[in-house]
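Under the working numbering, the first residue of the sequence shown is numbered 430, with each subsequent residue one higher. Even glycine gets a Cβ: it sits at the ideal position worked out from N, Cα and C.
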Amino acid sequence: MRIIAKSRLKTYWETPGNEKSQPYLNEWYHFCSKQIWRTPQEIKNMIRNVSFVSNDRVVFNVKGNDYRVICAMDYPRQAMFIKFVGTHKEYDRVQAGEVE
């Protein structure tokens, strides 16, 4: 998968207080960038704790449940668009299906 807007990850981990997230978000990025997912079920078969929400959005749990990454998926183009990066607490304050 092509992951669009890695800069969102970088902006997040460069924010004071979020530095510890960098190795985990990098690991998530490299893992996902090597995948070929054609359907939500293919993701679920590989990552059991992934969640699916409206508008082709996928919520990935990173480092257990410490961080969340919301992506809009475009399976035919093999693209993932990062829409949100944050802690579990920050995630609770957004609408996963609508966040841009």
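Item                                                                                                                                      : Value
CA-to-CA distance, residue 512 to residue 478, given in whole angstroms                                                                   : 19 angstroms
From 517, 445, 493, 507, residue whose alpha carbon lies closest to that of residue 433                                                   : 507
Cβ pair residue 487, residue 453 closer than 7 angstroms                                                                                  : no
Endpoints, alpha helix (DSSP H) assigned at residue 509                                                                                   : No alpha helix (DSSP H) holds residue 509; the beta strand (DSSP E) holding it covers 508 to 516.
Backbone CA spacing between residue 519 and residue 505 [nearest angstrom]                                                                : 30 angstroms
Residue 441 beta carbon less than 7 angstroms from that of residue 514                                                                    : yes
Chain-order list of residues whose beta-carbon lies under 8 angstroms from that of residue 474 (same chain, five-residue window excluded) : none
Selected residue, minimal CA-CA separation from residue 456, among 446, 438, 472                                                          : 438
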